[in-house]
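*Asks:* No gaps in the numbering here: position 463 of the sequence shown is 463 in UniProt numbering, and each next residue is one more.
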Amino acid sequence: MRGAGGAGGREPGGGRGVGEPAGREPGGTEAVDPTVWRVVGDPLVAGTADGPLRGESVAVKDLFAVAGHRVGAGVPAFLAQQGPAPAHADAVRLLLDAGADVRGIARTDELAYSLAGRNPHHGTPPNPAVPDGLPGGSSSGPAAAVALGEATIGLGTDTGGSVRVPASYQGLWGLRTTHGSVPAAGLVPLAPAFDTVGWLTRDARTLAAAADASLGVGGGCGARDDAVGDDGVADDRVADDGVRGDGVRVGGVRGDGGPVPGRPVRGFAVAPGLLAEAEPGVRAAFDHALSCLAAAGLLEDLAVVGLPVADDLLGVFRAVQAAQAWRTHGDWLTRNPDALGADVAARFRWASTITPPAPGTAVAAARRVEAVLGDRVLLLPSASSAAPPRAGGGADDERVRTATMRLTCVAGLTGRPALSVPVLGVERSGSWALAPVGLCLVGPRGSDRALVGLGARWAEELGTVGPPAAKRS
């Protein structure tokens, strides 16, 4: 039995933090990239037991509590006001209990309210698959750590695509879990009605093992009284955010029992209206992949469906997300007006002006989608484009974010799980190598494990596009 205590940790480029004792860098000699890691050890916390994840190392997004360390949420002013966490977040504990080590605490976009992967305080993590491209966010640090081979599991969150987008940009496997299937205790929320736990890995086997260790444990698969998260936002306030209505809550947590563990999938669907949001090269790669799967007999019962207009779905999603994000962080931001960089600060200023939708608006939108999809798996690209250039920013980032969120918001609104499989590739200027894009499988609630198995079979047929070979940490 390995002890729960770690080997100590060090904040790269930042010295020691409160409750964070100095320790060794990874391997004792390797440089620590401060754009990737906030605190790192060898390990930072050892796994608490022998188990199926023994030998795996976890990069924990800086939103999850790690006992004895502070949570920074990508914002130095926020970090400075925190004390050491008294206990691990549930999602961290589940991985430790399965035998994995926590390698360190990895960077996030500020308060997780971005898909780009930029952080004005700590810099932009690398993207090994597309060196001149953005890493994707907001789980940017965990994704980069895995892509670089400095961890084997990235523990992240996904509200509007924060696992799927960095997985897509970096050629990783990324799973957004069914809403409520992994406990959210110990997690700094953004929009609790949509926030989910997820993982990033370099292969399907490791992703399946992380999912098996975490799903359906501790009341994770079923209706939850705290469906809006553990941030103190009570259910009677959720109606003000347009979430609750007629006994059903958005995010896949329903009065009839919620997500069913191990739920199978029955057929597939494509929605041409959503595919129009992707760039031409991405659409071409997507169409080719589906043709190959069909020719191999792996895509039976494929339906072409019409979903509600993408802008309508995104409008509802963004309004609820903004209302909850401001409810969660507005008081703190009002007291700390200079804490954020320009892009995320502007997003929160906009959120502060949003009038929440009428009660039940998001539920009604989710029901419309569910009525069309049923138990089918919706197939779409994980992002509207390959990784955008790091040299961009501002309006360019916002344009890409909006196009991608028209794709990613379907899982957010419905609470469905969504898997990004690194099998698509698009040409990029000045390089013979393809830039990866994920093929996204949005399954019925509770089909998380089935999606990973399905994605693994498809990847064997199609091959994968991802980062260069990297050392195993």
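Ideal Cβ positions, reconstructed from N, Cα and C, are used throughout, including at glycine.
Per DSSP, D101 forms a beta bridge with which residues?
*Replies:* Taking the first residue of the sequence shown as 1, we reach residue 101 at position 101. Its beta-bridge partners are S57.
*Asks:* Let me confirm a value: G17 is counted as buried when at least 16 other C-beta atoms fall within 10 Å, else exposed. Which label applies?
*Replies:* In the sequence shown, counting from the first residue as 1, residue 17 sits at position 17. Note that G17 scores a pLDDT of 36, beneath 50, so its modelled location is shaky and nothing firm can be said.
*Asks:* Use the C-beta contact count for G133: other C-beta atoms within 10 angstroms, 16 or more gives buried, fewer gives exposed.
*Replies:* Stepping through the sequence shown from its first residue, residue 133 is reached at position 133. Result: buried.
*Asks:* Quick one: measure Cβ to Cβ for L314 and R457, integer angstroms, because I've assumed they're closer than 8 Å.
*Replies:* As a working mapping, residue 314 is identified with position 314 in the sequence shown. As a working mapping, residue 457 is identified with position 457 in the sequence shown. Rounded, the Cβ-Cβ distance is 31 Å, inconsistent with contact.
*Asks:* When the Cα atoms are used, what is the spatial distance from N336 to L175?
*Replies:* To locate residue 336, count along the sequence shown from 1; it is residue 336. To locate residue 175, count along the sequence shown from 1; it is residue 175. The straight-line gap from Cα to Cα measures roughly 34 Å.
*Asks:* Where does V66 fall in DSSP's three states?
*Replies:* Numbered from 1 along the sequence shown, position 66 holds the residue referred to as residue 66. Coil, per DSSP.
*Asks:* Let me confirm a value: S291 is counted as buried when at least 16 other C-beta atoms fall within 10 Å, else exposed. Which label applies?
*Replies:* Translated into positions along the sequence shown, residue 291 becomes position 291. Answer is exposed; the Cβ neighbour count stays below 16.
*Asks:* Just verifying my parser: in three-state terms, what is the DSSP assignment at W37?
*Replies:* Mapped onto the sequence shown, residue 37 falls at position 37. Three-state DSSP puts W37 in a strand.
*Asks:* Using a 10 Å radius around the Cβ and a threshold of 16 neighbouring Cβ atoms, would you call A295 buried or exposed?
*Replies:* In the sequence shown, counting from the first residue as 1, residue 295 sits at position 295. With fewer than 16 Cβ atoms within 10 Å of its Cβ, A295 is classed as exposed.
*Asks:* What three-state label does DSSP hand L111 in the structure shown?
*Replies:* Position 111 of the sequence shown holds residue 111. The answer is helix: DSSP assigns L111 an H, G or I state.
*Asks:* Counting only the same chain and skipping the five closest in sequence on each side, list residues whose C-beta sits under 7 Å from that of A98.
*Replies:* Position 98 of the sequence shown holds residue 98. If we look at A98 and ignore the five residues flanking it on each side, its Cβ neighbours are G51, P52, L53 and A213.
*Asks:* So, using beta-carbon positions, are G154 and T108 closer together than 9 Å?
*Replies:* Here residue 154 corresponds to residue number 154 of the sequence shown, with the count starting at 1. Here residue 108 corresponds to residue number 108 of the sequence shown, with the count starting at 1. No, the Cβ-Cβ distance between G154 and T108 is not below 9 Å.
*Asks:* Can you tell which of V305, T201, V32 and A433 has its C-alpha closest to the C-alpha of W173?
*Replies:* Here residue 173 refers to the residue found at position 173 when the sequence shown is read from its first residue. Of the listed residues, the one whose Cα sits closest to W173 is T201.
*Asks:* Look at G438 and V423 and say whether their C-beta atoms are less than 9 Å apart.
*Replies:* Residue 438 sits at position 438 when you count from the first residue of the sequence shown. Residue 423 sits at position 423 when you count from the first residue of the sequence shown. Yes, they are a contact pair.
*Asks:* I'd like the list of long-range same chain contacts for V309, defined as Cβ closer than 8 Å, with 5 residues on each side in sequence excluded.
*Replies:* Residue 309 sits at position 309 when you count from the first residue of the sequence shown. Around V309: G273.
*Asks:* Which whole-angstrom value is the C-beta distance of L413 and A365, which I expect to be below 8 Å?
*Replies:* The residue given as residue 413 occupies position 413 in the sequence shown. The residue given as residue 365 occupies position 365 in the sequence shown. Yes, L413 and A365 are in contact; Cβ-Cβ is about 6 Å, under 8 Å.
*Asks:* If you count every other CB in all the chains shown that lies within 10 Å of the CB of W37, and 16 or more means buried, which is it?
*Replies:* Your numbering for residue 37 matches position 37 in the sequence shown. Result: buried.
*Asks:* Between which two residues does the alpha helix (DSSP H) holding R367 run?
*Replies:* Locating residue 367 in the sequence shown gives position 367, counting from the first residue. Start and end: T361 to L373.
*Asks:* With DSSP run on the structure shown, which of helix, strand or coil describes R254?
*Replies:* For the purposes of this step, residue 254 is taken as residue 254 along the sequence shown, with counting starting at 1. Caution is warranted here: a pLDDT of 35 is assigned to R254, below 50, making its placement in the model unreliable, and the coordinate value is therefore given only provisionally. Here R254 sits in strand by DSSP.
*Asks:* Counting C-beta neighbours from all protein chains within 10 Å, is the total for D331 16 or more, i.e. buried, or is it exposed?
*Replies:* Translated into positions along the sequence shown, residue 331 becomes position 331. So D331 ends up on the exposed side.
*Asks:* Identify which residue in A346, L333, A351 and A339 has its Cα closest to the Cα of A322.
*Replies:* Along the sequence shown, read from residue 1 onward, the residue named residue 322 stands at position 322. Cα-wise, what sits closest to A322 is A351.
*Asks:* Run through DSSP, which three-state label would residue 509 get?
*Replies:* It is not possible to answer for residue 509, since the shown part of the chain is limited to 1 through 473.
*Asks:* What does the alpha-carbon distance come out to for the pair W432 and T48?
*Replies:* Reading the sequence shown from its first residue, position 432 is the one you call residue 432. Reading the sequence shown from its first residue, position 48 is the one you call residue 48. Roughly 45 Å between the two C-alpha positions.
*Asks:* By the 10 Å Cβ neighbour count, where 16 or more other Cβ atoms means buried, how is G463 classified, buried or exposed?
*Replies:* To locate residue 463, count along the sequence shown from 1; it is residue 463. G463 is exposed by the Cβ-count criterion.
*Asks:* What does the Cβ neighbour count give for G466, buried or exposed, with the cut at 16 atoms within 10 Å?
*Replies:* For this step, residue 466 is matched to residue 466 along the sequence shown. Buried is the call here.
*Asks:* Closer than 7 Å by C-beta to D240: which residues in its own chain qualify, once you throw out the five before and the five after it? Chain order, please.
*Replies:* For this step, residue 240 is matched to residue 240 along the sequence shown. Since pLDDT at D240 reaches only 42, below the 50 mark, its modelled position is unreliable, and no value is offered.
*Asks:* Helix, strand or coil for G394, going by three-state DSSP, please let me know.
*Replies:* The residue you call residue 394 lines up with position 394 of the sequence shown. The answer is coil: DSSP assigns G394 none of H, G, I, E or B.
*Asks:* Measure the alpha-carbon distance for G104 versus E300 and round it to whole angstroms.
*Replies:* Counted from its first residue, the sequence shown places residue 104 at position 104. Counted from its first residue, the sequence shown places residue 300 at position 300. Their Cα atoms are separated by approximately 43 Å.
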